[in-house]
Structure formats: C-alpha cells, structure tokens
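Protein chains in written order, with our numbering: chain A, 150 to 473; chain B, 150 to 473.
The following block contains the structure:
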C-alpha cells in the first residue's frame with residue numbers, strides 16, 4: 150500500500166489552487182479565554198460547496214487521464230462529497246453521475262442538480278447505492294471517486310492543513326474530525342511532514358461513532374455498525390488506507406459526547422458568527438472535554454464544513470413571530 | 150439642530166479605530182447570481198459584541214469630558230446597544246449602568262454582566278425602563294447614552310459605511326437597516342459626503358414597523374405604535390434628529406415583508422455560512438423584493454449584527470438526534 154507524503158500534498162495544492170478558495174484562519178478572543186488556549190480555526194465552511202471535500206474532489210478529477218475524463222465520474226455519497234464532486238467535475242468539463250437515496254434532503258438534491266450532475270435515485274440502503282453506482286460505472290465507463298478511500302482525494306484534503314500550517318507557525322497541536330478518515334489522513338500527512346514530531350496530531354470523533362478510536366487503540370480495523378450521531382458527516386468508518394495513515398501518524402483519537410458536539414456548534418455560531426456543522430464542531434468539543442491536554446497550547450482546528458439544514462427546524466420555530 | 154458631516158464621521162473613525170474590529174467585506178457568487186447584481190456585505194456581525202452598535206457606543210464614551218467619565222454611563226436598552234455600551238465603557242475604565250427588563254433573555258443578561266456592567270432589573274415596560282434609568286442618572290451622575298438619538302453615536306455608526314466605501318469603490322447603492330435610525334443616519338452622512346449624488350442611499354425597514362417609511366413619505370415624524378416584527382432590533386422609531394438626517398439624505402426607504410426577512414436570513418446563513426440576525430437580513434430582503442431597482446448594480450449592504458438566540462429553538466430540535 151503506497152501512503153502519501155507531504156510532497157504529494159504540496160503537489161496537490163499547486164494543482165487545485167486555481168479552483169479552490171484559500172479559506173481564512175479565524176480566531177476568537179472569547180473562545181481562547183473560555184478554553185485557556187490559543188485556537189486557530191481553519192474555516193473550510195467557507196470552501197466551495199461549504200466543505201473541505203471540494204479540495205479532494207478537485208484533486209482527484211484533475212488527475213484523471215484524458216481518456217477517463219471523457220467518460221466522467223460517479224459517486225454514491227449523499228453528503229458533501231457528492232456536491233463537491235459534482236462541482237469539481239462541472240468546473241473541469243467532466244460529466245458527473247451521483248447516486249442518492251430517494252430520501253436525501255431536498256436541499257442536497259438541489260445542490261447536486263444545480264452543479265449539473267446527473268442524479269440517479271435509489272433505495273436508501275448502502276447496498277442499493279453501491280450497486281447502482283457500480284451499474285452506472287459499468288454502463289458508462291465513469292470512474293468511481295470514493296469519498297475517502299482514494300489516494301488523490303486524501304492528498305487534496307491535506308491541503309487544508311498545509312495552508313493552515315503555512316499561515317500559522319508553531320502550532321503545538323492540530324485537530325481534525327474523523328469519519329472515513331480522508332481529512333484526518335491528509336492532515337496527518339501534511340502536519341507530520343511539515344513539523345515532524347514537534348506537533349501533536351489529534352483526531353476528533355463522536356463517541357457514538359468511535360470506530361477510529363477503537364481501531365487506533367486496538368491496532369485492528371474495527372468498522373462501526375449503524376452508528377447514530379448528530380455529526381452526520383462522521384458516520385462512515387476508516388478504510389484500510391486511511392487506517393494505515395492514521396495509525397502511522399496520529400498521536401491521539403479523542404472521542405467526544407453528543408452534548409459537547411452540540412454545545413460547541415452553538416458556541417461557534419454564537420461567538421464566532423459563523424456556521425459550522427455538527428461534524429466540524431467535534432474539534433472544539435475535543436478541546437472542551439480535554440482541558441488539560443490543550444491548556445496554554447497553540448491549537449489548529451479544521452472546521453470541516455458549514456452545511457446545516459436550518460430550514461428543517463428554523464422555519465417552524467419562527468412561525469409565531471411572523472404575524473402579518 | 151446640528152447635523153453631522155462626513156468630517157465628523159472621519160474623526161470618529163480615527164478616534165475609535167484602535168478599539169473596534171475593521172470588519173470584512175464579503176461577497177457571494179451564488180447570491181450575486183441569484184439576484185443578478187454585485188452585492189458587497191459589510192459584516193458588522195463580526196464587530197465586537199456582534200453588532201455595529203459598538204462603534205457608536207465607543208465614540209460616545211471616548212468623547213465624554215473627563216468629569217463625566219468619572220461618573221459613568223447609563224442605558225436602558227436591552228439589546229445590542231446595552232452590550233456595546235457595557236464593553237465600550239469597560240475598555241475605557243468607565244462604569245456602566247444598564248437597565249434591563251427582568252424578562253430579558255438570559256444570554257443578554259450574561260453578556261452585559263460579563264462586560265462588568267451593573268445591571269438594574271425593572272418591569273418590562275418602556276416607562277419603567279426610562280424611569281429607572283433616570284433615577285440612576287440622578288443618583289450617580291451617570292450620563293445617559295441614547296442608542297440612536299445622539300450625535301456622537303450616529304457618527305460612530307457611520308464609520309461602518311465609511312470603511313465599506315473606502316474598500317469598495319464605485320458603489321451604485323448602499324443599504325442599511327432602519328430602526329431608530331442611528332445606523333441609517335450615519336450611513337446617509339458618510340455615503341452622501343463621500344459620493345455626493347452619485348450613490349443611492351436606501352433604508353431597509355420591516356413593513357411591520359414602517360415608521361421611517363411613513364415619516365419619510367409624509368414628511369412628518371410618525372412613530373410606530375407597538376410594532377411586531379421578527380427583526381427585533383428594528384422595533385424603535387426615528388427621533389427628530391435621525392429623521393432630519395434621513396429626510397435630508399436618503400433616496401428611498403424600502404419596506405420588506407416578514408417572509409422576505411426570514412428567507413434572506415436563511416439564505417445568508419446557508420450560502421455565506423455566516424450568522425446574520427433578522428434585522429440585518431432586511432437589507433438583502435430589500436434586494437429580493439425590488440429586483441428591478443438593484444439589477445446589475447454594485448450594492449453595499451450593511452449586515453448590522455449577528456446576535457441570534459439559537460439556544461431557544463435549536464436545542465429542542467436536536468433532542469431527537471442525541472440518543473446517547
């Protein structure tokens with residue numbers, strides 16, 4: 150198994166730089182005071198499609214051989230990766246086929262359709278999604294771009310940490326959320342490659358979907374079975390590839406409670422006035438639940454995305470106020 | 150009645166610059182496409198205390214004679230002005246007395262108390278608040294700093310438009326929300342002073358609290374009576390001072406529906422990944438409801454604040470998801 154190096158991430162960065170946003174690094178005096186440390190938020194919620202996923206998708210799409218570009222790409226993600234792949238493909242004149250469960254949120258369907266992808270709906274099961282995607286790949290020759298079990302995707306995701314560390318020197322700790330491990334693998338590779346052993350690399354994972362923690366602790370890949378967490382971007386489990394990278398590089402996987410995730414999401418909204426999704430709030434939840442580990446440290450936090458379905462709950466709550 | 154000039158606003162800017170955040174101007178390709186115009190969002194939601202009010206409060210506090218500084222300041226606002234005055238006073242070593250209704254949201258009480266202000270609670274009526282504030286002023290000698298009917302406050306608020314126009318040249322239109330008219334008066338003064346008749350100056354006001362529209366249209370000051378709007382920062386009515394400035398300078402007051410305010414607030418959250426409060430969303434609602442007026446124009450929008458009480462509705466809505 151070939152693992153990526155920081156050189157691969159630097160190459161990816163050069164490759165995708167014209168297409169991505171260089172997202173800002175934000176700080177909050179209030180949160181620094183509250184947690185007694187220096188926090189640097191790398192705001193991938195401001196990335197195109199509202200999540201870091203656009204980095205990996207763009208890198209993967211740009212690296213396709215011309216023959217494959219002509220046939221297009223396919224994905225069976227229903228989350229941020231689908232939108233990211235659809236936009237990355239559209240920006241490069243490539244056809245994208247996205248398989249989504251019929252039950253996907255209207256806002257997600259609209260986003261993917263808005264980027265010009267061809268959507269195929271299927272039953273809301275993992276099996277139906279994979280089979281449908283495989284059928285499309287066979288019929289059209291489109292290349293399946295996996296959301297995280299893909300070398301080029303991982304290299305793209307690592308560019309967020311690369312930019313953060315180029316901008317903020319001397320970080321003591323860097324924290325990324327862990328779902329399937331694509332962002333965490335890229336973060337590990339970039340941070341270890343840039344700072345060697347002088348930086349602690351931490352994954353933040355919901356306790357309710359703690360496959361990375363289990364795998365990291367036992368040394369054996371242990372996928373989650375039907376996990377339930379408010380951090381709905383982190384339901385997936387590590388692959389052999391992401392597990393290898395994380396096992397070789399991470400210092401810690403810190404699991405966080407649902408309560409801490411929600412509290413930290415609200416804190417980011419209220420104090421920083423930016424939208425972070427629940428999955429992104431896990432990194433601050435790790436700080437909240439491990440004060441000794443982070444005290445007085447300079448910590449980089451990758452805010453992975455900002456796609457929150459406000460309509461589903463906000464409109465109901467304000468009805469009372471809209472007295473014509 | 151002496152009205153402020155752009156020179157006064159430039160002086161205010163020099164005075165408060167070391168204390169305020171220079172807030173970013175953000176753009177959104179998606180929103181530009183959606184509304185077929187170029188929108189420049191001046192993000193006062195990122196200002197200290199989460200609202201432009203900190204500009205005016207700081208200017209007013211800095212301009213107090215030394216004798217008055219010793220006695221402190223008092224306000225009977227329960228909104229962003231209270232927090233702004235409390236922090237501006239604290240940063241200048243001045244005592245602040247804030248009168249709040251017992252019924253004020255816990256988060257607002259905590260914010261004001263956190264800035265070290267002395268809070269006096271009273272019955273939740275305008276009369277009780279004004280009487281309580283007057284009693285405090287008489288007893289302590291503290292100076293009442295009105296949230297908008299105050300020359301120095303208006304000059305401070307105008308610095309948001311000043312920064313926006315210094316950064317983005319050739320705006321065709323500038324839009325600010327109108328409540329009591331402090332921000333709108335400052336915006337009028339700055340924009341007319343800088344660009345003369347080449348810029349259109351527009352106030353955005355909830356139809357449900359349309360005293361500025363009525364006053365502007367009839368030429369007679371017509372305060373609202375018990376208005377109800379989701380834009381709870383815009384319930385107040387113009388004063389003689391703000392009405393004079395607005396009547397002399399504004400080109401239009403555009404009233405907006407509750408539905409448009411809420412839709413635009415959600416659009417800003419979803420597309421820009423930043424928190425704008427309902428009062429701030431009125432400026433985008435004005436664009437949404439008047440497409441011909443804004444089409445193909447370069448429009449500056451003052452996003453006045455980002456203080457949204459998410460806890461009151463979000464926590465309820467996610468309970469279902471927090472299955473331990």
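The beta carbon of each residue, even a glycine, is placed where N, CA and C say it ideally should be. Just so it is clear, the structure is predicted and the values come from calculations on it, not from any experiment.
Look at residue 460 of chain B: its C-beta is under 8 Å from a C-beta on chain A. Bridge partners of residue 255 of chain B according to DSSP: none are assigned. Taking a beta-carbon distance threshold of 8 Å, residue 267 of chain A does not count as an interface residue toward chain B. By the C-beta criterion, the segment 407-423 of chain B is judged not to be in contact with the segment 155-166 of chain B, since fewer than 3 inter-stretch pairs fall below 8 Å. In the three-state reduction of the DSSP assignment, residue 423 of chain B falls in the strand class, which pools E and B. Interface annotation for the segment 191-221 of chain B against chain A: 194, 195, 199, criterion Cβ-Cβ distance under 7 Å.
At a beta-carbon threshold of 7 Å, the residues of chain A lying near residue 422 of chain B are 194, 195, 199, 423, 424, 455, ordered along the chain. Secondary structure of residue 330 of chain B (DSSP, three-state): coil. Secondary structure at residue 345 of chain B: helix, using DSSP grouped into helix, strand and coil. Distance between residue 237 of chain A and residue 227 of chain B, taken at the CA atoms: about 47 Å.
Selection A:173, A:370, A:240, A:291 evaluated against residue 315 of chain A yields A:173 as nearest (Cα-Cα). In the structure shown, residue 356 of chain A adopts helical secondary structure according to DSSP, grouped into three states. Beyond the five residues adjoining it in sequence on each side, residue 171 of chain B comes within less than 7 Å, by CB distance, of 312 in the same chain, given in chain order. The shortest CA-to-CA distance from residue 371 of chain A to any of A:381, A:382, A:391 is the one to A:391. For residue 249 of chain A, the enclosing beta strand (DSSP E) has its first and last residue at 245-250. In the structure shown, the three-state DSSP call for residue 449 of chain A is strand.
Neighbours of residue 418 of chain A in chain B, taken as residues at a C-beta separation under 7 Å, are given in chain order as 424, 459. For residue 405 of chain A, the pairing in a beta bridge is given by DSSP as A:355. Counting C-beta atoms within 10 angstroms of its own C-beta, residue 355 of chain A has 16 or more neighbours from the protein chains shown and is therefore classed as buried.
Chain A places no beta carbon closer than 8 Å to that of residue 264 of chain B, leaving this residue out of the contacts. Looking at the DSSP output, residue 191 of chain B sits in a beta bridge with B:174, B:451.
A straight-line Cα-Cα distance of about 6 Å links residue 396 of chain B and residue 365 of chain B. Counted as a single uninterrupted DSSP element, the beta strand (DSSP E) harbouring residue 269 of chain A occupies residues 267-271. For residue 304 of chain B, the closest C-alpha among the options B:368, B:246, B:333 is that of B:333.
Between residue 191 of chain B and residue 452 of chain B, the C-beta gap is smaller than 8 Å, which places the two residues in contact. DSSP places residue 324 of chain A in the strand class (E or B) of the three-state scheme. If you ignore the 5 residues before and after residue 378 of chain A, its C-beta comes within less than 6 Å of the C-beta of 355, 357, 358, all in its own chain and listed in chain order. Nearest to residue 287 of chain B by alpha-carbon distance, out of B:180, B:427, B:223, is B:223. Closer than 8 Å to the CB of residue 320 of chain A there is not a single CB belonging to chain B.
Ranked by how close their Cα comes to the Cα of residue 326 of chain A, the residues A:362, A:261, A:345 have A:362 in first place. In this structure, the alpha-carbon of residue 268 of chain B lies about 21 Å from that of residue 457 of chain B. Think of a sphere of 9 Å around the beta carbon of residue 415 of chain A: the chain B residues whose beta carbon falls inside it are 459, 460, 463, 464, in chain order. Setting aside the 5 residues that flank it on each side, residue 331 of chain A is surrounded in the same chain by 205, 296, 297, 302, 303, 306, 391, each with a C-beta closer than 7 Å to its C-beta; the list follows chain order.
Secondary structure at residue 380 of chain A: coil, using DSSP grouped into helix, strand and coil. Cα atoms of residue 203 of chain B and residue 263 of chain A: separation of roughly 40 Å, rounded to the nearest angstrom.
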